[in-house]
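First up is the structure itself, then whatever we jot down about it.
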Amino acid sequence: MTITLPAAAREPDHTISDGLPAAQRRWAIAAIFTALAMASLDTAIANIALPAIAADLHVSPEQSVWVVNVYQIALVATLLPLGALGEIVGHQRIYLGGLILFTIASLLCAVAWSLDSLLVARMLQGLGASGIMSVNTALVRFVYPGRMLGRGFGHNALVVATAFTFGPTIASAILALGPWPWLFAVNIPFGLVAIGIGVAMLPKTPRADHGFDFLGAILASACLGLFITGIGSAAHNLSPVVVIIELVTALALGFILTRRHADHPAPMLPIDLFSRPMFALSAATAVCSFAVQGLAFVSLPFYFEDVLGRSQVETGFFMTPWPLVVGIMAPIAGRLSDRHAVGLLGGIGLVLLGLGMALLATLPANPAIADIIWRMVICGMGFGFFQAPNMKAVMSSAPPHRSGSASGIVATARLTGQTRGRPSRRSASRWPVTTAQPSRWRSAPAFPHSAA
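Right under this line is the structure:
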């Protein structure tokens, strides 16, 4: 069923020609990046809190994992529908609606009295995070002028990398000071401030004149939700029959959705954008690069602790250089992409990432601290140098009126790529691994992704 909004409701208040004035831009970016940081931090924070949540709510570790899973499923499943809805009602409305829901859900998480109530609150929080992430890059496109677009995407990548780097540390510090509900309550004041700034400063983006396909949205959500669930089932070593049913059903729903929108002016699954070579290539390489990072960030801690016998503190120290260097390199690459070819910059980043993974796979049996650190730095340099130029390539290759769907694809590529790394590590860990070559086998599945 397709619902067409009244013409008056579709008219934009004003059209953003080439970004916002400098003063308004700074405030708008503050609101956008605050919300993005909150949504990015939340997965890491919840992971750290799982033991405390399980103990306090008297549930098993296996049950507590759903605190993370339900958030991720709700987030990924609704990215494309909300991105498409943003093209119709305005990206700023989806963003603010997501931020408001995320803030309210954070309060509900903080006062949850049982696992069931916490799971409902986390599902709502995932929906709110989806509203934030689905149109994040679309808003960046309208906030920054064209000549500074790469810089904007570089700053966007910096926020995500910083949240990824310091999320576990922030969570541990909060848990040292108070109980686990504080991890969610801390979102509330930041959310309220971001809402206030966003209402006043976010741009009112142009709106499309086509209706919203609610049935298509249901199909898209079910397709992505089952896909993520299937990957999670494989990661948790569930029955192959269950995994196959989930993934095949996801593919079937995707096929039905594609056929349904074959003649749609703005399909929910943006097949019209994938007909553009630059968009298709950039989106595919984004999935591959995030899969490489996801694989590495799941595999390497096991190697550092189980094979090298390092402590959790040392393992955290070894893992820090990668996201830290990403945060440094992404803004640099973003600025360069405003003056140089994005394909060249992204290619350099992928080469460095592949080189870093190869070097990690050939670590000596008893590596020194420096041997690990400089290899992780190379990986971070490559990943950081790739992100902003690739994001600019994706968004620039889509017409402005399709920015919402392009933004949804960027977020979906990032999150599905990260999720893709989980079963890869489990598969790799089934290989017989000697202490002389532990990381070679566990890193090997990343090479095809890097080469792509």
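Heads up: the sequence shown runs through residues 0 to 451, numbered per numbering that gives the first Met the number 0. Cβ coordinates follow ideal geometry from the N, Cα and C atoms, glycine included.
Cβ neighbour criterion (16 or more within 10 Å) applied to residue i
i: Gly18; result: buried
i: Phe32; result: buried
i: Arg206; result: buried
i: Ser310; result: exposed
i: Phe101; result: buried
i: Ser281; result: buried
i: Asn135; result: buried
i: Ile368; result: exposed
i: Phe254; result: exposed
i: Pro80; result: buried
i: His154; result: buried
i: Val241; result: exposed
i: Leu268; result: buried
i: His339; result: exposed
i: Phe485; result: Outside the displayed range of the chain (0 to 451) lies residue 485, so it cannot be described from this structure.
i: Ser274; result: exposed
i: Ala251; result: exposed
i: Arg429; result: Legend: pLDDT at Arg429 = 40, less than 50; position of this residue unreliable, no value from coordinates given.
i: Arg413; result: buried
i: Arg25; result: exposed
i: Ile44; result: buried
i: Asp262; result: exposed
i: Pro320; result: buried
i: Ala76; result: buried
i: Gly195; result: exposed
i: Ser402; result: buried
i: Leu223; result: buried
Alpha carbon of residue i to alpha carbon of residue j, nearest angstrom
i: Arg374; j: His209; result: 50 Å
i: Val159; j: Phe165; result: 10 Å
i: Ser105; j: Ala38; result: 11 Å
i: Pro322; j: His57; result: 34 Å
i: Ala22; j: Gly151; result: 15 Å
i: Ala233; j: Ala199; result: 45 Å
i: Cys287; j: Leu354; result: 15 Å
i: Ala283; j: Gly149; result: 19 Å
i: Ile179; j: Ile173; result: Looking at the sequence shown, residue 179 is not Ile but Trp. Taking the straight line joining both Cα atoms gives about 8 Å.
i: Phe183; j: Gln62; result: 19 Å
i: Asp337; j: Gly85; result: 26 Å
i: Phe384; j: Ala357; result: 18 Å
i: Pro422; j: Pro239; result: With a pLDDT of 44 at Pro422, under the threshold of 50, the predicted position of this residue should be treated as unreliable, though the coordinate-derived value follows. Roughly 12 Å between the two C-alpha positions.
i: Gly342; j: Gly326; result: 20 Å
i: Met147; j: Thr161; result: 21 Å
i: Leu35; j: Gly130; result: 10 Å
i: Thr228; j: Pro20; result: 43 Å
i: Pro202; j: Gly82; result: 16 Å
i: Pro388; j: Gly345; result: 6 Å
i: Ala219; j: Ala249; result: 9 Å
i: Ile454; j: Asn365; result: The structure shown does not extend to residue 454, since the chain spans only 0 to 451, so no value can be given for it.
i: Thr257; j: Ile270; result: 7 Å
i: Pro447; j: Lys391; result: With a pLDDT of 40 at Pro447, under the threshold of 50, the modelled position of this residue cannot be trusted; read the value that follows with caution. Taking the straight line joining both Cα atoms gives about 24 Å.
i: Ala397; j: Pro276; result: 11 Å
i: Ala73; j: Asn186; result: 19 Å
i: Asp212; j: His260; result: 10 Å
i: Gly89; j: Val306; result: 51 Å
i: Val350; j: Leu191; result: 42 Å
Three-state secondary structure (DSSP) of residue i
i: Asp305; result: helix
i: Asp337; result: coil
i: Asp55; result: helix
i: Lys203; result: coil
i: Ser238; result: coil
i: His90; result: helix
i: Pro398; result: coil
i: Tyr143; result: coil
i: Ala364; result: coil
i: Gly151; result: helix
i: Trp112; result: coil
i: Pro167; result: helix
i: Leu74; result: helix
i: Pro266; result: coil
i: Arg275; result: coil
Supposed contact pair residue j and residue i - C-beta distance, whole angstroms, cut 8 Å
i: Val324; j: Val376; result: 5 Å
i: Ala128; j: Leu107; result: Wrong, their Cβ atoms sit about 14 Å apart, outside the cutoff.
i: Pro300; j: Thr314; result: 5 Å
i: Gly348; j: Ala332; result: 7 Å
i: Phe382; j: Leu362; result: That pair is no contact at about 19 Å.
i: Ile371; j: Phe296; result: In fact, because the Cβ distance is near 14 Å, the residues do not count as touching under 8 Å.
i: Ile47; j: Ala170; result: 4 Å
i: Ser406; j: Ala265; result: Not a contact, Cβ separation roughly 13 Å.
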